[in-house]
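Step one of this worksheet: look at the structure below.
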């Protein structure tokens, strides 16, 4: 069950620079929920559809990309691989998510370059903890 309430978490917005997150999801409501729950922590959140490749031109400006692998996991994994290829220095962290729960999907996402994986529906607390964890490593 999703938990969409804001809770204070000072780790998420630590640092001097403004942090930008890109959400790649065809479901605008999911992107909006992610934005609404992490923007108060000092993030600027942009959202694009998985069909919109315009984000690839400016990938370097993002600290983190959230990508929904969607129902068609293979196309989601291909997009994830493209994001990692565009990110020449591998500086942009990636968290993949989807409703698929099988180990093959998770292993596929991690093998394609994801730094972490969330299963939908996910709690906001878990999402924020994973953001902190991934950004500490990047």
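Residue numbers (the working numbering): 38 to 175. No residue lacks a Cβ here, since even glycine has one placed at the ideal position from N, Cα and C. These numbers come from a predicted model, not from an experiment.
Check, Outcome
"Let me see if you follow: with CB-CB separation under 9 angstroms, is residue 100 close to chain B or not?", "Protein chain content of the structure displayed is limited to a single chain, and chain B is not contained in it."
"I need the straight-line Cα distance from residue 145 to residue 114, nearest angstrom please.", "7 angstroms"
"Cutting at 6 angstroms between CB atoms, please list the residues of its own chain near residue 149, excluding the five before and the five after it.", "114, 117, 118"
"For residue 139 and residue 100, what's the separation of their Cα atoms in angstroms?", "28 angstroms"
"Under the three-state reduction of DSSP, which class applies to residue 95: helix, strand or coil?", "helix"
"Going by beta-carbon coordinates alone, are residue 169 and residue 107 separated by less than 9 angstroms?", "no"
"Quick one: grab the DSSP three-state call for residue 100.", "coil"
"Can you tell me whether residue 162 is buried or exposed? The criterion is at least 16 other CB atoms within 10 Å of its CB, across all chains shown.", "exposed"
"Only counting the same chain, and skipping five residues up and downstream in sequence, which positions put a Cβ closer than 6 angstroms to that of residue 72?", "82"
"Around the C-beta of residue 66, are 16 or more other C-beta atoms found within 10 angstroms, so that it is buried, or is it exposed?", "exposed"
"When the Cα atoms are used, what is the spatial distance from residue 159 to residue 135?", "10 angstroms"
"Grouping DSSP H, G and I as helix and E and B as strand, with all else coil, what is residue 149?", "coil"
"Identify, in the order they occur along the chain, each residue of the same chain with its Cβ nearer than 7 angstroms to the Cβ of residue 171, setting aside the five sequence neighbours on each side.", "101, 130, 132, 152, 153"
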